[in-house]
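If you're matching positions, the sequence shown starts at 37 in this note's numbering and goes up one per residue. The structure under discussion appears below in the form of structure tokens.
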Amino acid sequence: MAEGATEAATERRPSRTACLGKHHLVAPEDSGMSNDTVAAYIAATLKARGVERVFGLCGGHVMPVWMALDAAGIGIVDVRDERAAVMMAHAYAEVGGRLGVALVTAGPGVTNAMTGIANAHVARASVLVLSGVPPRMQEGRGALQDLPHVELVRPLVRHARTVREPTLVPPELDEALARALGHGGEPGPAYLDFPTDTLRAGLPPMFWRDEHMGPKPSPLLLPVPGDVDRAAGLLLAATRPLIVTGRGAKRAASALGRLLDAVPCAYLDTGESRGLVPDAHPSVVSAVRGTAMAQADLVITVGRRLDFQLGYGAPSAFPRARWARIGDTPGELRDNRRGDVEVFADAGLALEAIVGRVAARPPAVDRAWVAKLRADHEQRSRTLRDAMRIAPDDAHGRMHPQRLLACVQEALPRDAIVVADGGDFLSFARVGIAASGWLDPGSFGCLGIGTPFGVGARLAAPDRDVVVLTGDGAFGFSAIELDTVARHRVPLLIVVANNGAWQIEVHDQREHHGRVVGTQLQVADYAAMARAFGLHAERVTSAGALPGALARAMAQRPALLDVVVSPDAVSSDARSGLAVVPDLAPLAAWDEAERRWREAT
Ligand SMILES: Cc1ncc(C[n+]2csc(CCOP(=O)(O)OP(=O)(O)O)c2C)c(N)n1
Ligand SMILES: [Mg+2]
Numbered sequence: 037m038a039e040g041a042t043e044a045a046t047e048r049r050p051s052r053t054a055c056l057g058k059h060h061l062v063a064p065e066d067s068g069m070s071n072d073t074v075a076a077y078i079a080a081t082l083k084a085r086g087v088e089r090v091f092g093l094c095g096g097h098v099m100p101v102w103m104a105l106d107a108a109g110i111g112i113v114d115v116r117d118e119r120a121a122v123m124m125a126h127a128y129a130e131v132g133g134r135l136g137v138a139l140v141t142a143g144p145g146v147t148n149a150m151t152g153i154a155n156a157h158v159a160r161a162s163v164l165v166l167s168g169v170p171p172r173m174q175e176g177r178g179a180l181q182d183l184p185h186v187e188l189v190r191p192l193v194r195h196a197r198t199v200r201e202p203t204l205v206p207p208e209l210d211e212a213l214a215r216a217l218g219h220g221g222e223p224g225p226a227y228l229d230f231p232t233d234t235l236r237a238g239l240p241p242m243f244w245r246d247e248h249m250g251p252k253p254s255p256l257l258l259p260v261p262g263d264v265d266r267a268a269g270l271l272l273a274a275t276r277p278l279i280v281t282g283r284g285a286k287r288a289a290s291a292l293g294r295l296l297d298a299v300p301c302a303y304l305d306t307g308e309s310r311g312l313v314p315d316a317h318p319s320v321v322s323a324v325r326g327t328a329m330a331q332a333d334l335v336i337t338v339g340r341r342l343d344f345q346l347g348y349g350a351p352s353a354f355p356r357a358r359w360a361r362i363g364d365t366p367g368e369l370r371d372n373r374r375g376d377v378e379v380f381a382d383a384g385l386a387l388e389a390i391v392g393r394v395a396a397r398p399p400a401v402d403r404a405w406v407a408k409l410r411a412d413h414e415q416r417s418r419t420l421r422d423a424m425r426i427a428p429d430d431a432h433g434r435m436h437p438q439r440l441l442a443c444v445q446e447a448l449p450r451d452a453i454v455v456a457d458g459g460d461f462l463s464f465a466r467v468g469i470a471a472s473g474w475l476d477p478g479s480f481g482c483l484g485i486g487t488p489f490g491v492g493a494r495l496a497a498p499d500r501d502v503v504v505l506t507g508d509g510a511f512g513f514s515a516i517e518l519d520t521v522a523r524h525r526v527p528l529l530i531v532v533a534n535n536g537a538w539q540i541e542v543h544d545q546r547e548h549h550g551r552v553v554g555t556q557l558q559v560a561d562y563a564a565m566a567r568a569f570g571l572h573a574e575r576v577t578s579a580g581a582l583p584g585a586l587a588r589a590m591a592q593r594p595a596l597l598d599v600v601v602s603p604d605a606v607s608s609d610a611r612s613g614l615a616v617v618p619d620l621a622p623l624a625a626w627d628e629a630e631r632r633w634r635e636a637t
């Protein structure tokens with residue numbers, strides 16, 4: 037456990053000015069706070085773990101922690117809705133490769149946070165959510181904001197507990213941190229709450245120990261050599277190998293690059309890993325995703341679940357493939373489709389080890405196959421880019437969303453992180469925008485992440501530009517966070533594609549139901565709304581006005597552009613049937629293929 041100073045701390049209770057061990061805090065003399073409380077301990081531990089800011093919304097039940105965080109010098113990003121606090125912590129974690137922390141009050145604070153918690157659960161984002169419950173003597177007696185939080189969040193978190201006994205806070209907090217970070221398991225949200233009187237209670241000095249407070253190394257799973265041999269063998273024998281990456285590959289960019297140099301596979305990223313391999317790399321074939329999936333004879337998933345975005349890895353979507361799966365979580369290793377080889381290991385270490393086995397040997401890869409996919413990818417991308425630049429206005433003179441995106445792409449700084457949200461507009465952006473950093477609603481498909489993810493991303497990467505591209509419907513969920521953006525001076529550019537509708541649903545209703553019900557919005561004045569919160573904002577109604585508006589907005593961030601776009605444009609997600617939710621598979625084409633496959637087998 038401890039070093040000398042902490043040992044000494046066990047001998048006496050702390051005075052308000054004593055520094056007891058390297059993690060112990062000294063409360064400001066005039067703060068009226070004691071520095072030996074559970075709340076102060078939580079703040080000191082977070083500080084010791086490198087937490088620099090916490091996203092939250094205040095309330096009496098968590099006030100002791102709130103004040104202790106501030107006393108510890110941890111920044112508080114105070115938001116307008118708890119859902120946004122968790123989403124900000126989520127993006128902060130994902131972009132920064134670190135823990136995100138959200139602090140929300142009891143009752144409605146927790147229920148509001150639940151959508152954010154669910155989103156982090158599906159995305160496997162390392163978020164610690166802290167809250168309060170009524171004091172122990174009031175629990176279950178009809179106290180203000182008394183709810184069984186732990187029962188509510190249980191299926192959405194890696195760990196959930198109410199900690200009532202002050203001296204158990206150190207190990208409980210330590211375990212929750214480890215679970216959130218995925219030490220020995222899948223990363224994701226972890227949840228703890230404390231009765232307010234527990235937060236105020238003193239925690240004797242002998243419990244302030246490095247054993248629980250100090251930073252812990254992140255253990256990386258080493259690959260088993262035999263598994264690496266088998267994976268390398270499969271790869272060397274494959275003629276049409278395809279690598280698909282996801283969340284678990286994010287720290288493995290350099291090993292991945294070396295593998296692609298050694299064996300020129302076809303490569304697909306997914307929303308979770310976008311930007312990992314630059315678009316200019318000759319292996320990238322994302323514009324011909326379907327063809328690559330249909331023709332591959334070996335698919336190697338790296339830190340990627342076979343969720344709906346990959347057709348669950350079904351034989352009907354990947355008719356010729358054998359599988360190698362690499363992952364350090366059970367889902368990323370073997371959900372839906374077992375691998376012929378499974379390498380249960382950190383992705384970077386596994387890829388390095390595979391490179392070591394294949395580098396000196398000639399692969400059987402059909403280079404002409406990869407080259408053809410790449411040529412088709414480039415051709416398709418070029419055609420799309422050209423079409424986007426001249427996508428015509430509709431009969432009412434409203435801009436095509438692709439035209440908007442083409443202008444945004446021109447104005448996008450090289451290293452920018454793009455956050456995309458919406459229905460049709462997200463779909464257009466996903467296909468049409470190239471960016472080195474990317475966040476979107478992910479597999480949870482959760483509208484409303486735009487502005488909160490933008491805030492979290494920018495705070496995690498203060499030297500990168502962050503641009504939020506959002507449909508008007510999606511924007512509305514978290515629109516009030518413009519206030520948070522302004523108060524905290526987060527220099528985002530937010531572009532709202534305003535078509536006055538939940539348009540992807542409108543297309544579905546028109547095509548499959550013959551009428552439009554409850555899916556129209558107003559073409560509201562979001563620029564006026566943004567100005568009300570102090571942002572620079574403009575409404576743009578013509579493509580000609582866009583470059584100037586984008587330049588002014590970039591220069592005066594935080595800024596919002598409210599761009600009126602045509603509702604008539606139909607995105608690929610609307611066409612693919614994603615919004616219709618087919619019976620057997622997530623997209624119409626896969627659903628059809630699955631039907632044929634079932635008939636034939
Ligand atoms: C929280 C949430 N509610 C509802 C949906 C269903 N949904 C998916 S896309 C969409 C429409 C989004 O509208 P908008 O953001 O304006 O984008 P547009 O399709 O108009 O481009 C809806 C309602 C969802 N994915 N998430
Ligand atoms: Mg819309």
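Don't be surprised by glycine CBs; every beta carbon is placed ideally from N, CA and C. Since we're looking at a predicted model, the values are computed, not measured.
Per DSSP, cross-strand counterpart(s) of residue i
i: I153; result: Paired residues: none, contrary to the question.
i: T198; result: D229
i: A456; result: L505
i: F380; result: G363
i: M435; result: V601
i: D305; result: Looking at the DSSP assignment, D305 forms no beta bridge with any residue, so it has no partner.
i: Q556; result: A537
i: A138; result: F91 and V165
i: V113; result: F91
i: V576; result: V599
i: T73; result: G238
i: R466; result: DSSP output for R466 lists no bridge partner at all.
i: A78; result: The displayed chain sequence assigns Ile, not Ala, to residue 78. The partner list for I78 (beta bridge, DSSP) is empty, contrary to what the question assumes.
Neighbour-count burial assignment, residue i, 16 or more Cβ in a 10 Å radius
i: L659; result: Since the displayed the chain opens at 37 and closes at 637, residue 659 lies outside it and no answer follows.
i: I426; result: exposed
i: E47; result: Model confidence at E47 stands at a pLDDT of 31, short of 50, so the residue's coordinates are unreliable; what they give is reported in the following sentence. Answer is exposed; the Cβ neighbour count stays below 16.
i: H549; result: exposed
i: T637; result: exposed
i: M173; result: exposed
i: R418; result: exposed
i: L61; result: Confidence in L61 is poor, its pLDDT being 46 and thus under 50, which makes the residue's placement unreliable; the coordinate value appears in the next sentence. It is buried - the Cβ of L61 has at least 16 other Cβ atoms within 10 Å.
i: E630; result: buried
i: G580; result: exposed
i: G392; result: exposed
i: L258; result: exposed
i: S290; result: exposed
i: W626; result: buried
i: V553; result: exposed
i: M151; result: A small correction: the amino acid at residue 151 is Thr; Met does not occupy that position in the sequence shown. So T151 ends up on the buried side.
i: V617; result: exposed
i: A203; result: As written in the sequence, residue 203 is Thr, which differs from the Ala given in the question. That one is exposed.
i: H432; result: exposed
Rounded Cβ spacing between residue i and residue j (contact assumed at less than 8 angstroms)
i: D376; j: A400; result: Going by Cβ atoms, the distance from D376 to A400 rounds to 16 angstroms, so no, they are not a contact pair.
i: V455; j: G478; result: Between G478 and V455 the Cβ distance is about 11 angstroms, and since that is not below 8 angstroms, they are no contact.
i: D182; j: V199; result: Contact doesn't hold; Cβ gap of about 16 angstroms is too wide.
i: G481; j: A522; result: With 8 angstroms as the limit, G481 and A522 do not qualify as a contact, their Cβ atoms being about 28 angstroms apart.
i: T73; j: L239; result: 7 angstroms
i: D385; j: V338; result: For the record, residue 385 in the displayed sequence is Leu; it is not Asp. Not really, about 12 angstroms apart at Cβ, beyond 8 angstroms.
i: L296; j: S319; result: 5 angstroms
i: L473; j: R439; result: Going by the sequence as given, residue 473 is Gly instead of Leu. Their Cβ separation, rounded to whole angstroms, is 24 angstroms, which puts G473 and R439 out of contact at 8 angstroms.
i: A149; j: G95; result: About 12 angstroms; that fails the 8 angstroms criterion.
Minimum Cβ-Cβ distance from residue i to chain D less than 8 angstroms
i: V280; result: Of the protein chains in the structure, only one exists, and it is not chain D.
Exercise. At a cut of 8 angstroms, does the stretch 288 to 301 reach the stretch 452 to 461 through at least three beta carbon pairs?
Worked result: no
Exercise. Taking three-plus beta-carbon pairs below 8 angstroms as touching, is the stretch 570 to 586 in contact with the stretch 507 to 515?
Worked result: no
Problem set entry | Cβ contact (3+ pairs, closer than 8 angstroms) linking the stretch 232 to 252 and the stretch 182 to 197 | no
Exercise. On the three-pair Cβ rule with 8 angstroms, is the stretch 220 to 237 touching the stretch 158 to 166?
Worked result: yes
For this session: Evaluate the contact criterion for the stretch 361 to 376 versus the stretch 341 to 352: three or more CB pairs, one atom per stretch, below 8 angstroms.
Result: yes
For this session: Decide if the stretch 321 to 339 is in contact with the stretch 596 to 603; the criterion is three or more beta carbon pairs, one per stretch, under 8 angstroms apart.
Result: no
Problem set entry | the stretch 305 to 315 contacting the stretch 276 to 287, beta-carbon criterion three pairs below 8 angstroms | yes
For this session: Taking 8 angstroms as the threshold, find out whether the stretch 114 to 134 comes into contact with the stretch 85 to 92 through three or more Cβ pairs.
Result: yes
Exercise. For the stretch 531 to 543 against the stretch 126 to 145, are there 3 or more C-beta pairs whose distance is under 8 angstroms?
Worked result: no
Exercise. Using 8 angstroms as the Cβ pair cut-off and three pairs as the minimum, do the stretch 583 to 598 and the stretch 441 to 455 touch?
Worked result: yes
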